[in-house]
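Peer 1: Counted the way the working numbering counts, the sequence shown spans residues 1172 to 1562. Every residue gets a Cβ at the ideal spot worked out from N, C-alpha and C, and that includes glycine. Given the structure is predicted, the values throughout are model-derived calculations rather than measurements.
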Amino acid sequence: MTIYLDHNGTTPLLPEVRERFVELIDEGLGNPSSTHAAGRRARAVIDAAREEIAAAVNVPEEWVVFTSGGTEANNLALRGVLEAAGTGAGLAVSAIEHSAILEPARELATKGHELTVIPVDERGAQGLAATRKALERPGCRLLSVMVANNEVGSVAPMAEIGACLRDLGEARPLWHTDAVQALGKLPLHLQSWGVDLASFSAHKVGGPPGVGFLVRRPGLPLQPQVLGGGQESGLRAGTENAAAIGAAALAVRLACERQESYSTAVGKLVSTFWEGLSQVAPGARLMGPGLSVSPRLPNTINVLFDGVDGRTLMARLDLEGVEVSLGSACASGAIEPSHVLTAMGMKESDARNSLRLSLGPCTTQADINTAVEIMGKLLRPSTPGAKPAHG
Ligand code: PLP
C-alpha cells in the first residue's frame, strides 16, 4: 500500500488522460510539420489541443505556446522578454518563486539586467507596498510573481497586483505569472488580472510530464529560446509531441472543469489531516498560510515537527509507504534549506526539516487516517520497536 502525498511534485496520470494518450499513440501520428496524412493527423491533434486549452484557461487560442513543461515556459517568459527588451531592462521577482524563475532571473542579472527580489512575510504573503516599489524602479520591464507557491501554498494578491500595474499606465512593466501550481486548484482570471504571460505544466494536473505551455499576449516582444524549424509561431522550435500534447489538453480541461468541487473536497481532507497531525504531534507547526486563510492552495500543508530531522522522517515514512517531500521536489537530493522558508524568515535548520504534504484527487479519508497513524507511530519516541525520527 502506498499513500502518495506529493502531488505538487507530480500527479499520477488520470485514467481518462491515459486512455486518450494511448489512443493517440496508436493513431500513428506523423511529424505535425509534414503535409502527408500522418502529419496532418498530428497537426489536427495539436490544433484541437490548443483550442481545448485556450477554452479551459479562458484565453484566445493564439496565446498558447506549447513547451516541454513549466520550467521551459518560465525560461521562455523571462529570458524571452528581457532579451527582446535589450540591455538595461530590469526585472522583479518574488523571493519565493520556483527555481525555474529564480535561476534564469539570476542568470539575467549576471548579464546586466537589474534584478529586484520582492520579499514576503512570515506566512509567505507578498506585500503590495514592496511590489509597487519594485515596479516603480526605473527600467523595470518585467514582473514575475507566481499565483500560488508550490511549497507552502500561499497565494499572491493577483487582482491587486494587476491594479498596481494598471496605475502605472502605458509605461508599466509586463507581468508574468507562474501558474503551474494554481491550475486546477484555484480559479484563474488571467485576462481580468491583466497578466501578459503565464506558465503551466500538464504533469501537475494528471497529464503527462514533458508538456507545458506559455500563455502570452500576441505582439508582445519575445525572443525565442529554442531555435530551429520555426514551430509554435517561431517561438519554440522542435517537433511537437502531438500525442502527449493531446493528452495534456484533456488533463488541463478536466482540471479546470473540476477545480471548484476538487478544491472543496481536498480542502476538507487537508483540514482533517492537520487536525489529526496536531493530535499525534502536538508540537507540529504549520508553515505558510493558516488553513483559514483564503485564498490558499487547498491541497498543500507544510509542517515542521519540532526537534525532528525532516530527512529521517521522510525516509521512514517512505519505508512505511507514505510518500511526502521535503521542500521543493525539484531541489530534493540537495540538503539546502528551502529558499521559500528562509525567505519567510525561518531559521535554516527549520527550513531544512519541514515536510511538504500535498494531496491530490485520488487521496481518500482512509489514506489520511492511515498517514496520521503512521506519523504518530514514527514520532512517538517511546513506542517499542519504533525508532523515533528524532536526531
Ligand atoms: N513552477 C512551479 C511553481 C512548480 O511547482 C514547478 C514544478 O515543481 C515548475 C514550475 C516546473 O514545472 P515542470 O516540472 O513542468 O518543468
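#1: Once DSSP output is grouped into helix, strand and coil, what is the label at Thr1302?
#2: So, using beta-carbon positions, are Glu1243 and Glu1232 closer together than 9 Å?
#3: For a test of the three-state rule: what should DSSP assign to Arg1551, helix, strand or coil?
#4: To test your reading of the DSSP string, which unbroken beta strand (DSSP E) runs of 3 or more residues are found completely within the segment 1357-1400?
#5: Tell me the residue span of the beta strand (DSSP E) that contains Arg1527.
#6: Taking 9 Å as the cut-off, decide whether the C-beta atoms of Leu1468 and Asn1179 are in contact.
#7: Would you call the CB atoms of Arg1424 and Ala1213 closer than 9 Å?
#8: Please return the same chain residues whose Cβ sits closer than 8 Å to the Cβ of Ser1449, not counting the five positions on each side in sequence.
#9: What do you reckon, are the CB atoms on Ile1224 and Ala1414 nearer than 9 Å?
#10: If I measure Cβ to Cβ from Tyr1175 and keep anything under 8 Å in the same chain, skipping five residues before and after, which residues do I get?
#11: Is it buried or exposed for Arg1277, if we count other Cβ within 10 angstroms and need 16 for buried?
#12: Exposed or buried, which one is Met1329 when buried takes at least 16 other CB atoms within 10 Å?
#13: I want to check one thing, is the minimum distance from the CB of Pro1460 to the heavy atoms of the ligand PLP below 8 Å?
#14: Curious, which full-length alpha helix (DSSP H) runs of at least 4 residues does the segment 1242-1289 contain?
#15: The alpha helix (DSSP H) spanning Ala1452 covers which residue range?
#16: Who are the Cβ neighbours of Gly1399 in its own chain at under 8 Å, not counting the five residues just before and after it?
Peer 2: Reading from the atomic positions:
#1: In the sequence shown, residue 1302 corresponds to position 131, counting from 1. Thr1302 falls in the helix class under three-state DSSP.
#2: The residue you call residue 1243 lines up with position 72 of the sequence shown. The residue you call residue 1232 lines up with position 61 of the sequence shown. Taking 9 Å as the Cβ cut-off, Glu1243 and Glu1232 do not qualify as a contacting pair.
#3: Here the question's residue 1551 lines up with position 380 in the sequence shown. Reduced to three states, the DSSP call for Arg1551 is coil.
#4: 1368-1372, 1383-1387
#5: Position 356 of the sequence shown, counted from the first residue, corresponds to residue 1527. First-last of the beta strand (DSSP E) with Arg1527: 1526-1529.
#6: As a position in the sequence shown, residue 1468 is number 297, starting the count at 1. As a position in the sequence shown, residue 1179 is number 8, starting the count at 1. A contact, by the Cβ cut-off of 9 Å.
#7: Taking the first residue of the sequence shown as position 1, residue 1424 is located at position 253. Taking the first residue of the sequence shown as position 1, residue 1213 is located at position 42. No; because the gap between Cβ atoms is not below 9 Å, this pair is not in contact.
#8: Translated into positions along the sequence shown, residue 1449 becomes position 278. Result list for Ser1449: Ala1455, in chain order.
#9: As a first step, residue 1224 is located in the sequence shown; it is residue number 53 there, counting from the start. As a first step, residue 1414 is located in the sequence shown; it is residue number 243 there, counting from the start. Contact: no.
#10: Position 4 of the sequence shown, counted from the start, is the residue given in the question as residue 1175. Taken in chain order, the residues that qualify are Pro1183, Glu1494, Gly1531, Cys1533, Thr1534.
#11: As a first step, residue 1277 must be located in the sequence shown, where it is residue number 106. Arg1277 should be labelled exposed.
#12: On the sequence shown, position 158 is the one that residue 1329 refers to. By the 10 Å Cβ count, Met1329 comes out buried.
#13: In the sequence shown, counting from the first residue as 1, residue 1460 sits at position 289. For the ligand PLP, not one heavy atom lies less than 8 Å from the Cβ of Pro1460.
#14: 1270-1281
#15: Position 281 of the sequence shown holds residue 1452. Segment: none, Ala1452 is in no alpha helix (DSSP H) and carries neither H nor E.
#16: Stepping through the sequence shown from its first residue, residue 1399 is reached at position 228. Cβ neighbours of Gly1399 beyond the five flanking positions: Ala1408, Gly1409.
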